[in-house]
Every structure is written in C-alpha cells, then in structure tokens.
Amino acid sequence: MDKAFDPRTVEPVWRARWEELGIGIADASSGRPSFTVALPPPNITGVLHLGHAMGFSIQDTLCRHHRMLGYEVEWCPGTDHAAIATQNVIERQLAAEGTSKEELGRPLFQVRVDAWYEEYGGRIFDQMRRLGFTCDWSRARFTLDEDYVRAIRTAFKNLFDSGLIYRGPRIVNWCPNNLSAISDEEIDWREHTDTMVHLRYPIEGGGEIVVATVRPETMLGDAAVAVAPGDPRYRELVGRSVRLPLTGRIVPIIEDAAVQPDFGTGALKVTPAHDPTDYDIGQRHGLPMITVIAPDGTMDVPELPQFHGLPTDQARVAVTEALRATGAVLEEEEYVHEVGHCDRCGHVLEPLISAQWWVRMTELSGPAIAAVESGDTNFHPRRYTDVYLAWMRNIRDWCISRQIWLGHAIPVSTCANDHTFAWIEPPSACATCGDTTLENDPDVLDTWFSSALWPFAIFGWPEETEDLRRFYPTDVCVTARDIIFLWVARMIFTGLRFTAQVPFADVIITSTVQAVDGTRMNKSKGNAVDPLPMIDSHGADAVRAWAAAVGTGGQDVRFNEDRIESYQRFANKIWNATRFLVARLDDGTGHMTAPDPEPAIDDLRPEDRWMLSQVAETVEAVDEALSSYRLHEAVERLYDVTWHSFCDGYVEMIKPRLRDDAPDPSRRAAAHTAITTLDVLLRLLHPFMPFITEECAQRLPDPAPSLQRRDWPRVAPGWREGLAGPHRAAVDELLQLVQRVRALRDESGVPRGERHRLQLRGGDPAVAGEERIRLLTALVPVDVVNGALDGGVTLVAGALEARYHLVVGERERARARRRLGELEATISRLDAQLANQGFTGRARPEVVDDVRRRLDEARREHAALRGQGEGS
RNA sequence: GGGCGCAUAGCUCAGCUGGUACGAGCGCUGCGUUGACAUCGCAGAGGUCAUUGGUUCGAAUCCAAUUGCGCCCACCA
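Going by the numbering used here, the first residue of the first sequence is number 5, and it counts up by one from there.
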C-alpha cells in the first residue's frame with residue numbers, strides 16, 4: 005500500500021468493479037422491499053454542475069445505505085430534452101453560421117437537433133459515473149423516448165377528455181425572442197429603473213385626467229381610464245370619456261377595484277391587450293382588446309406609420325417624444341420596479357393576448373394540497389411545506405403550450421367539420437365524423453409537462469408494468485429549491501391524478517451552494533465552481549462527503565474548497581489507519597488476519613470496551629441521523645469518531661499490544677477490536693465515501709467483493725452497555741490525565757522522551773493497578789511509583805489525582821494560580837445554583853445530580869491544587 | 001407589499017425537543033521526522049452566541065421588537 009491514498013488510481017478500479025457486479029441494476033423479481041429514487045433528469049446535453057454533484061451524491065448515499073439495509077434499490081436515471089433551452093442553443097449556433105431555423109426549415113432543423121443530442125447526449129452520465137453513482141443505468145430514460153411520449157399523450161388526452169385541458173385566448177407571458185408563451189413559473193423577475201411618465205388625457209367636454217405609466221408606448225392600445233371606486237377626486241369624472249392623444253380614440257373613464265388610489269395619480273390607463281391587470285379590468289368591463297404590439301415585440305399600429313414596426317423600447321422613446329410635442333407629458337420621474345424576463349433567454353417579456361393551451365388547476369390542486377397537509381408527502385426541511393401549500397392554494401391555470409419547434413407536439417387535431425380531439429396514436433381520421441382532412445395543432449408542450457410525469461412514466465406508465473408495480477411510488481425526491489413549483493408540485497398533482505398515489509413520500513430540498521463571494525453562482529459571472537476539477541484534485545469521496553456535510557442542513561452554504569479538502573485528508577487518514585493495521589496484522593497477503601482463536605469477552609481490555617461502546621453508539625447515532633435525512637450529522641459524527649476516537653485514541657493506546665512480542669490474549673483482543681471497529685466504521689462510511697471504504701475493506705480478513713454486498717451494521721440490544729461496563733468513563737478519565745501531563749510537559753519545556761515519576765491516587769476503580777499503568781505509559785513517558793512523592797505538581801482529572809514529579813518553576817505556579825481561580829469561580833457558581841430552590845426543585849433530578857458531581861469534582865481538584873501556586 | 005431564512009472563534013460552518021457559558025475544518029502560536037499518516041501528531045491562543053426587551057430556577061437555543069444580509073411570492077400601472 006502506498007503511503008498516501010491516491011483516488012486517481014483507486015476510483016476507476018472500483019467503478020469498474022461495481023459495474024461488473026451489477027450494483028445499481030435492480031431486480032424487479034427479488035423478494036426484497038423496494039427503495040426507489042427517480043433521479044431529477046438533467047438536460048440531456050447538460051454538464052455536471054455543483055448543484056447536481058450535491059443532489060446526486062445525496063441520492064447515491066441514500067441508495068447505497070438502503071442496499072446495505074437489504075432493500076431492492078432502484079435509482080432510475082434519465083435526461084430531459086429541455087426544449088426551450090436546447091432550441092436556444094441551436095438557434096445561437098445557426099445565427100453564428102449566418103442562418104436561422106426558418107431558413108433551414110423544420111426537417112433540417114430537426115437534423116441539427118438530433119446531431120446535437122447525439123454529440124452531447126449523455127455526457128452528463130459519464131460525468132456522474134466519476135462520482136461513483138450507482139444508478140440503474142439499464143433503465144435510463146429520456147423524455148423523447150417512444151414510451152415516454154406515449155405516457156405524455158395519454159396524460160394529455162386524459163386531461164383533455166375530462167375538460168381539464170382547454171384552449172383559449174388569454175393574456176400570456178410572451179417571449180418575443182422565442183416567439184412563444186411561457187408559464188408564470190418561468191418568469192425571471194429583475195429590477196429595472198425606468199421612467200414613469202405622467203400623461204394628461206383631455207376629457208371630452210373639458211378638463212383632464214392624469215395617468216402614470218412606465219410603458220407609454222402601450223397608450224396606443226388604451227381602452228379606458230380606470231379609477232378606484234368612490235375615489236373622491238374622480239367621482240365626478242366616472243362615466244365621462246377622454247380623447248387619447250396621438251390616436252384620438254375616445255375611451256371611457258371607469259371604476260375598478262383593481263386600481264390603487266394611492267399609487268401614482270390614482271388613475272390608471274387601461275391597456276387590456278398588453279397588461280395582465282388591465283386585461284382583467286377589460287374583461288370585467290367588456291372593453292375592447294386593442295393589440296398594438298406584435299408577437300415579435302414590435303409595434304403593430306399600421307394606422308400610425310411613424311410607430312409601426314418599431315421595437316417596443318424604441319417606440320417608448322418615440323411615443324414619449326410625440327406626446328411631449330402635444331403637451332400631454334406632465335411629468336417624468338425615475339421609477340424602480342420588477343420587470344419579467346424569460347428565464348431561458350433573458351429577453352424582456354411582453355404580456356399579450358394569445359390563444360394557448362391551459363391546464364385547469366382547481367380540480368388538480370385540491371388533492372395535491374390534501375396530500376401534503378396529511379403528511380403523505382413530507383418536505384425536508386419542514387418549512388418548504390408552507391411554501392408549497394401557499395403556491396398550490398393560489399395556483400392559476402397552467403399555460404402548457406409553446407410556440408417553439410422543439411418538443412412534444414400537442415396531441416390534438418381538428419377536422420374539416422371543426423371537431424377537435426386529443427389522441428395517443430397519430431390519427432388518420434376524425435374520431436367523431438371520420439373526416440380525414442386533419443389539421444394538427446402546431447404547438448409543442450411545456451417541457452415541464454413531460455417532467456411532471458417522470459416518477460411513473462419512467463416505469464412504463466400507463467402500462468401496468470412490473471417495474472411500475474414494483475418501484476412506484478418512489479420513496480424520496482432529492483432536488484433543489486428553485487424547482488419546487490416547476491417540478492415537484494407538478495409531479496405531486498399529476499401523480500395523484502394518474503396513479504392515485506403521491507409520487508414520493510419525502511422531498512429533500514438540498515442547500516443552495518453560493519459562490520465564494522456569497523453571491524449566486526453564475527456561469528456568465530465566472531464565479532461558478534466546476535465539480536470535475538474538484539474531483540480531480542480531491543477525489544470523488546471528498547466531494548461526496550462534502551455534499552453530505554453541507555447539503556442537508558437546510559442552510560445555504562458558501563462554497564469553501566477547504567471543506568472538500570478536509571474530507572480528502574480524512575480519506576487519507578482512513579487509508580493510513582488501515583495501512584497500519586495491515587502492517588501489524590498482515591498474514592503475508594496484504595490482508596489483516598483475524599485473530600485465531602477469537603478472543604473471549606473476558607480478554608477484552610478497558611480500552612477495547614471503551615472503543616467498542618463508542619462504535620455501538622456511533623451506529624445508533626448514524627442510524628438516527630440517516631432516518632431523518634440529516635446526512636450532515638451522520639458524516640460529522642463518523643469523521644469525529646474515526647479520526648479522534650479510533651485513530652488518535654484507540655490505535656495509539658493499543659500500539660504496544662500489537663507488537664509481535666506482545667502477550668497473546670491481549671494481542672488477539674486488540675487485533676479483534678481494531679478489526680471490528682474498522683470494519684464497522686468502513687461500512688458506516690461507505691455510502692458517503694464509497695471508494696476509500698471499498699479499498700480499505702479489501703484489507704480486512706475475508707473481504708466481500710464489495711461493501712455493497714455487506715449488511716449495514718446493527719447493534720444488538722444492550723451490547724453497548726454490556727461491553728463498556730464502567731470502563732468507558734474510567735478510560736476517559738485516564739485520557740484526561742494524559743492530556744494534563746502532556747500540557748504540563750509542553751508548557752515546562754520538558755524534552756521529548758524525558759521521563760518523570762508519577763504517583764496516582766483515587767480515580768475510577770474500573771481501571772486500576774497494572775492495567776491503569778499500562779495504559780498510561782502507552783501514552784505518555786512516565787514511571788508510575790507507589791510511594792509518596794515529595795514536591796512535584798498535582799494534576800487532577802475527575803476522581804483521579806496524580807503527583808507528577810517535575811521541578812516546578814514560576815510558570816507552573818502561575819498556571820496553578822490561574823486554575824485555582826477558575827475553580828473558585830466554578831465552585832461559587834455551582835454553589836449558588838444548588839442553593840437556588842427553584843433549580844433544585846424544578847430541574848430534572850439527573851441535571852441536579854450532575855451539578856452536584858461537578859461541584860464535588862471542582863472542590864476536590866481545588867483541594868488537591870491548593871498551595872501549589874505559592875512558594876518557590 | 002406579503003412570507004421565509006440567516007446573523008455563533010480571523011474565515012466557512014455545526015450546535016436535536018432550553019440544563020457542563022458552545023464545537024469542527026481552515027488559519028494562527030509553540031513543540032515534534034518514536035516504523036500508519038507532515039494530507040500527520042501533541043499542546044495552546046481565540047467567542048459578552050447581531051442588539052434590546054420578555055418568558056423561565058436556568059436562554060446561543062423559546063417569544064417580541066430592532067438592525068443588517070439573503071431568498072421566495074405578489075397584477076400598484
């Protein structure tokens with residue numbers, strides 16, 4: 005074994021081994037209980053980013069853990085066609101080549117898309133393998149797969165036939181760049197500083213009313229001026245009309261509750277065709293919808309040629325200028341507000357009226373609310389329950405049609421007799437009248453419509469497949485906060501609708517990783533961290549352990565490479581502890597030899613029991629943490645016990661016992677305990693750090709082909725207590741004394757290896773006599789003597805008192821005085837606490853006892869040290 | 001405008017249902033190349049747990065307010 009753990013040589017070996025063993029490939033026919041995770045499908049042409057690395061690592065950890073628990077684990081991977089995102093990429097390429105999709109036409113465009121998927125498709129899967137993920141690659145799905153498409157059409161048809169999908173003109177979020185509608189959830193709101201223009205609208209028959217707007221160009225489409233009902237400033241004007249500048253159109257002054265009297269001038273210009281609020285007002289008052297902006301974001305006002313065809317931002321300037329010329333501009337002021345952008349291309353959205361397909365949400369949201377309220381599905385951290393519920397309760401109809409080229413065609417046709425129907429297999433004739441001149445709907449579906457079906461569509465739904473029966477519903481959904489609405493919520497209502505079951509029992513929302521500077525990671529800002537170089541330099545295990553340590557706390561984290569590095573060092577520590585044990589227990593084959601015969605319980609020494617009881621405690625703590633998805637707790641605990649208790653503590657204590665010339669029963673007990681401890685720790689760590697643990701476990705006696713084939717450690721009832729007995733506290737006390745001795749030596753500048761006499765008194769009787777001396781001298785160079793010692797320094801650790809024969813100087817005396825001061829403070833504090841009737845009367849008895857014990861200890865130490873701060 | 005979250009050691013973060021006035025990693029100081037590991041060991045310095053009130057025998061932990069960050073939602077043009 006090399007001196008340092010080298011992930012680069014070890015990782016490929018184990019990736020290959022897992023693949024050979026078929027770890028990850030689920031057997032639907034096994035008798036085991038199932039544990040299922042549906043991987044949130046990344047964009048098929050995507051690259052692994054840090055968020056993926058974290059979320060996927062957590063999933064793999066859960067899956068590996070469940071395999072060891074005896075579950076048939078199905079972690080189904082897949083990819084998403086990401087329609088708008090992919091189309092944008094290809095369109096940019098085409099633009100760079102001086103062409104466009106329109107020039108190519110649909111068939112050639114499709115060729116480009118296929119080539120793109122071909123070239124980059126699945127690239128992310130290869131990157132995922134680097135982290136050792138045990139997905140069921142045999143079941144990998146893609147949202148454009150034939151079966152998947154059938155699932156989508158089936159779902160669509162079901163909703164369509166039930167009247168839950170309808171088509172209708174409404175005001176929508178329109179992206180003039182993609183020339184498509186998008187849903188409310190795909191809006192990226194950004195702060196803009198614009199000019200708020202106050203416009204004077206002349207009233208027919210005299211007077212004027214002033215309205216305020218940041219989008220003066222839309223005034224060309226004004227259909228009314230609205231004021232708040234009962235607004236005293238305007239009461240007289242309601243019912244009268246204004247003559248709009250520039251267009252000369254006569255529009256009414258109306259009252260509507262949507263108007264905020266204290267905003268702006270309290271009078272609102274109403275442009276029903278280009279503003280959602282105004283649209284609602286227009287609906288309520290039967291106003292005409294006057295469209296003045298075309299889908300491409302240019303002005304559509306042929307009767308006003310000076311503005312016609314101008315992009316809206318230019319039109320804004322031109323219209324304002326023209327209004328100024330007519331004297332209609334009263335005032336202009338700077339105004340900061342939020343403007344909607346397309347979350348895929350960043351273009352400013354134009355609300356406009358368009359016929360789109362919608363999912364009626366009222367019937368679907370009810371069960372989705374009930375399922376979460378009742379706890380059928382639980383969010384972790386818990387607070388996201390409220391976020392979800394608030395959204396679901398206020399949900400509006402979902403716009404699912406897109407006017408882009410890439411994606412699933414809306415499975416709807418209309419015949420010459422105007423029969424519109426949805427289908428699963430492309431029809432050749434109208435289902436109602438048999439007419440064969442069918443017109444297919446030109447739109448495609450929102451990508452999220454297909455993602456919404458993911459947890460059951462991957463298993464073959466709507467077919468009653470074996471996989472579907474076996475693996476659905478899934479157990480846990482691990483994902484990022486920003487897709488709770490886009491994805492998680494929609495899976496819940498589609499799952500309930502189509503399978504009558506929640507698609508998963510638990511939702512784990514992982515932490516968001518911020519850039520080093522605390523801002524959002526952003527590729528274009530250049531502060532994004534690429535996980536692949538992290539894997540290269542620190543190893544996959546380190547990245548995974550980091551993900552577990554920071555991903556499930558519920559708190560966002562700043563990226564901190566030191567943290568990853570600390571787990572790299574941890575891997576190295578595990579490696580070297582293993583290496584040491586192999587060196588001492590080698591059977592000549594590079595493996596540890598199990599002691600033969602196995603030691604009897606009575607052969608176990610205090611430190612063996614001390615260690616084993618901590619192992620038992622750790623198993624319980626890790627189980628507890630994992631059962632509630634607190635992976636960070638589990639990994640921190642394992643780090644601590646492995647490094648500090650096992651390596652720094654136990655291994656140091658047993659070094660003398662492992663020497664070749666050490667007495668046999670003792671040596672066997674130490675070997676047995678060390679091997680057992682390492683074995684359990686490796687198994688507990690395996691889900692988090694699979695590579696290093698596999699590699700080290702191979703050095704144990706009789707290794708399994710993979711830790712994935714081993715059982716998860718279990719603690720028999722009473723094992724911990726029975727094994728530890730009173731030894732645990734006694735060894736801790738001794739260790740505390742060791743620390744005191746070392747500190748004193750260090751502070752007094754005692755040369756390394758210089759031995760002094762030491763006399764012991766009192767102490768926990770569980771470890772006494774020769775046993776105590778043996779342990780003590782294994783850790784610190786002292787000669788334990790029986791007779792009383794003159795001079796020297798008194799050291800106290802719990803009930804244990806030691807006189808350490810060291811010539812004391814002023815430094816040690818000062819140190820003793822400091823310690824005495826501390827003790828006095830402690831004593832008076834604890835005294836006061838015990839004198840307090842409120843405390844002794846109400847606190848739990850064990851808490852009171854504990855205070856008594858501490859007070860007692862402090863008094864004893866004080867008594868032992870008294871006099872030491874004086875003299876020379 | 002509403003809601004949520006966070007403010008703990010120089011830095012990045014733990015700290016469960018209130019009970020040894022709080023831990024880790026990095027950084028810092030001193031010592032150390034004894035056959036696991038210098039990607040290490042040993043010892044140490046460093047925190048009035050943002051502020052102010054309240055509840056309680058007892059508060060980093062519960063409640064309220066304040067300040068400062070961050071995020072989400074929202075049709076105030």
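Ideal Cβ positions, reconstructed from N, Cα and C, are used throughout, including at glycine. Just so we're clear, the structure is a prediction, and the values are computed from it rather than from any experiment.
| field | Residues sharing a beta bridge with proline 173, DSSP | value | To locate residue 173, count along the first sequence from 1; it is residue 169. Answer by DSSP bridge pairing, in chain order: Ala359.
| Does the beta-carbon distance from valine 719 to glutamate 624 come in below 8 Å? | Counting from 1 along the first sequence, the entry for residue 719 is found at position 715. Counting from 1 along the first sequence, the entry for residue 624 is found at position 620. Their beta carbons are under 8 Å apart, which means valine 719 touches glutamate 624 by this criterion.
| said: Less than 8 Å between C-beta atoms, sequence neighbours within five positions excluded: which residues of the same chain meet that for aspartate 607? | reply: Residue numbering aside, residue 607 sits at position 603 when the first sequence is read from its first letter. Pro669, Ser670, Arg672, Ala673.
| task | Could you pull out every residue in the same chain whose Cβ sits closer than 6 Å to the Cβ of isoleucine 156, ignoring the five residues on either side in sequence? | result | Along the first sequence, one-based indexing puts residue 156 at 152. If we look at isoleucine 156 and ignore the five residues flanking it on each side, its Cβ neighbours are His412, Ser454.
| query | Just how far apart, CA to CA, sit aspartate 510 and valine 480? | reply | On the first sequence, position 506 is the one that residue 510 refers to. On the first sequence, position 476 is the one that residue 480 refers to. CA-CA distance, aspartate 510 to valine 480, rounds to 5 Å.
| message | Less than 8 Å between the beta carbons of leucine 804 and histidine 866, yes or no? | response | Numbered from 1 along the first sequence, position 800 holds the residue referred to as residue 804. Numbered from 1 along the first sequence, position 862 holds the residue referred to as residue 866. Contact: no.
| said: Under DSSP, the alpha helix (DSSP H) around glycine 344 begins and ends at which residues? | reply: Position 340 of the first sequence, counted from the start, is the residue given in the question as residue 344. DSSP places glycine 344 outside any alpha helix (DSSP H); the residue lies instead in the beta strand (DSSP E), whose first and last residues are 333 to 346.
| What are the boundary residues of the beta strand (DSSP E) that includes glycine 126? | Here residue 126 corresponds to residue number 122 of the first sequence, with the count starting at 1. It is not in any beta strand (DSSP E) - glycine 126 carries neither H nor E in the DSSP assignment.
| Which residues share a DSSP beta bridge with cysteine 179? | By 1-based counting over the first sequence, the position of residue 179 is 175. In the DSSP assignment, the residues bridged to cysteine 179 are Ser184.
| query | Excluding the five sequence neighbours on either side, which residues of its own chain have a C-beta within less than 8 Å of the C-beta of threonine 798, listed in chain order? | reply | The count along the first sequence starts at 1 and reaches residue 798 at position 794. A distance below 8 Å between beta-carbons, with the five flanking residues on each side excluded, links threonine 798 to the following residues of its chain, in chain order: Glu805, Ala806, Arg807, Tyr808, Ala868, Leu869, Gln872.
| query | Whole-angstrom Cβ separation of tryptophan 458 and alanine 620, contact assumed at under 8 Å? | reply | On the first sequence, residue 458 is found 454 positions in, with the first residue counted as 1. On the first sequence, residue 620 is found 616 positions in, with the first residue counted as 1. Incorrect: roughly 41 Å between the Cβ atoms, too far for contact.
| task | Give a yes or no on whether the C-beta atoms belonging to tryptophan 193 and glycine 344 are separated by under 8 Å. | result | Here residue 193 refers to the residue found at position 189 of the first sequence. Here residue 344 refers to the residue found at position 340 of the first sequence. A contact, by the Cβ cut-off of 8 Å.
| query | So, are the CB atoms of isoleucine 399 and proline 280 less than 8 Å apart? | reply | Within the first sequence, numbered from 1, the residue matching residue 399 stands at position 395. Within the first sequence, numbered from 1, the residue matching residue 280 stands at position 276. No, the Cβ-Cβ distance between isoleucine 399 and proline 280 is not below 8 Å.
| In chain order, which alpha helix (DSSP H) runs of at least 4 residues are fully inside the stretch 636 to 694? | If we require 4 residues or more, the alpha helix (DSSP H) runs fully inside the stretch 636 to 694 come out as 656 to 662, 668 to 689.
| Complete beta strand (DSSP E) runs within the stretch 418 to 493 (minimum length 3 residues, chain order) | List check, beta strand (DSSP E) in window: 424 to 426, 478 to 484.
| query | Since leucine 704 and arginine 687 are thought to touch, with beta carbons under 8 Å apart, how far apart are those beta carbons, to the nearest angstrom? | reply | Residue 704 sits at position 700 when you count from the first residue of the first sequence. Residue 687 sits at position 683 when you count from the first residue of the first sequence. The pair is not a contact, with the Cβ atoms about 10 Å apart (cut-off 8 Å).
| task | Taking 8 Å as the cut-off, decide whether the C-beta atoms of threonine 13 and tyrosine 121 are in contact. | result | Residue 13 sits at position 9 when you count from the first residue of the first sequence. Residue 121 sits at position 117 when you count from the first residue of the first sequence. By the CB criterion at 8 Å, threonine 13 and tyrosine 121 fall outside the cutoff.
| query | Is the distance from the Cβ of alanine 456 to the Cβ of arginine 494 below 8 Å? | reply | Stepping through the first sequence from its first residue, residue 456 is reached at position 452. Stepping through the first sequence from its first residue, residue 494 is reached at position 490. It is a contact, given that the beta carbons lie within the stated cut-off.
| said: Looking only at its chain, what residues have a beta carbon closer than 8 Å to the beta carbon of proline 385, apart from the 5 residues adjacent to it on each side? | reply: Within the first sequence, the letter at position 381 stands for residue 385. Apart from sequence neighbours up to five positions away, the residues of its chain that approach proline 385 with a beta-carbon distance below 8 Å are Ile513, Gly558, ordered along the chain.
| field | Residues near tryptophan 409 by beta carbon distance below 7 Å, same chain, minus five either side | value | Here residue 409 corresponds to residue number 405 of the first sequence, with the count starting at 1. Cβ neighbours of tryptophan 409 beyond the five flanking positions: Gln91, Lys105, Arg110, Phe113.
| said: Taking the straight line between their C-alpha atoms, what separation do you get for aspartate 854 and alanine 733? | reply: Here residue 854 corresponds to residue number 850 of the first sequence, with the count starting at 1. Here residue 733 corresponds to residue number 729 of the first sequence, with the count starting at 1. Here the alpha carbons of alanine 733 and aspartate 854 stand approximately 14 Å from one another.
| request: Could you tell me which uninterrupted alpha helix (DSSP H) segments, each at least 4 residues in length, are contained entirely in the stretch 34 to 88, listed from first to last along the chain? | output: Those alpha helix (DSSP H) runs which fall completely within the stretch 34 to 88 and span 4+ residues are 54 to 72.
| If we ignore side chains and look at the alpha-carbon of each, how far apart do glutamate 342 and threonine 366 end up? | On the first sequence, position 338 is the one that residue 342 refers to. On the first sequence, position 362 is the one that residue 366 refers to. Those two C-alpha atoms are separated by around 28 Å.
| field | Residue range of the alpha helix (DSSP H) that includes aspartate 284 | value | Translated into positions along the first sequence, residue 284 becomes position 280. For aspartate 284, the enclosing alpha helix (DSSP H) has its first and last residue at 280 to 289.
| said: By alpha-carbon positions, which one of Cys651, Lys659, Ile496, Asn576 ends up nearest to isoleucine 696? | reply: Your numbering for residue 696 matches position 692 in the first sequence. Taking only the C-alpha atoms, the option nearest isoleucine 696 is Asn576.
| field | Boundaries of the beta strand (DSSP E) in which threonine 197 is found, first to last residue | value | Within the first sequence, residue 197 is the residue found at index 193, counting from 1. Its beta strand (DSSP E) spans residues 191 to 206.
| task | Take proline 769 and list the residues in its own chain whose beta-carbon comes closer than 6 Å to its own, dropping the five residues that flank it on each side. | result | Your numbering for residue 769 matches position 765 in the first sequence. Spatial neighbours of proline 769 in its own chain (CB-CB distance under 6 Å, excluding positions within 5 residues in sequence) are not present.
| Bridge partner(s) assigned by DSSP for glycine 766 | In the first sequence, the residue the question calls residue 766 occupies position 762. Under DSSP, glycine 766 takes part in a beta bridge, and its partners are Leu804.
| said: What would DSSP say about asparagine 576, mapped onto helix, strand or coil? | reply: As a working mapping, residue 576 is identified with position 572 in the first sequence. Correct three-state label for asparagine 576: helix.
| query | Cα separation between methionine 657 and arginine 641? | reply | As a first step, residue 657 is located in the first sequence; it is residue number 653 there, counting from the start. As a first step, residue 641 is located in the first sequence; it is residue number 637 there, counting from the start. Cα to Cα, the separation comes out at about 21 Å.
| request: Look up serine 632 in the DSSP assignment and give the residues it is bridged to. | output: Indexing the first sequence from 1 puts residue 632 at position 628. Answer by DSSP bridge pairing: none, since serine 632 is not bridged.
| message | So the candidates are Gly594, Val218, Ile487; which of them puts its Cα closest to the Cα of isoleucine 191? | response | Walking along the first sequence from the start, residue 191 turns up at place 187. Of the listed residues, the one whose Cα sits closest to isoleucine 191 is Ile487.
| What do you get for glutamate 337, buried or exposed, if any count of 16 or more other CB atoms within 10 angstroms of its CB means buried? | Working through the first sequence from its first residue, we reach residue 337 at position 333. Exposed.
| task | Give the C-beta separation of valine 229 and alanine 277 to the nearest angstrom, bearing in mind that I take them to be a contact with Cβ-Cβ under 8 Å. | result | Position 225 of the first sequence, counted from the start, is the residue given in the question as residue 229. Position 273 of the first sequence, counted from the start, is the residue given in the question as residue 277. Contact between valine 229 and alanine 277 fails: their C-beta atoms lie close to 16 Å from each other, not under 8 Å.
| query | Where do the N-terminal and C-terminal ends of the alpha helix (DSSP H) with aspartate 317 fall, by residue? | reply | Numbered from its first residue, the first sequence carries residue 317 at position 313. In this chain, the alpha helix (DSSP H) harbouring aspartate 317 covers 316 to 330.
| Same chain only: Cβ atoms within 7 Å of valine 391, ignoring 5 sequence neighbours per side | Locating residue 391 in the first sequence gives position 387, counting from the first residue. Only Ile488 meet the Cβ criterion.
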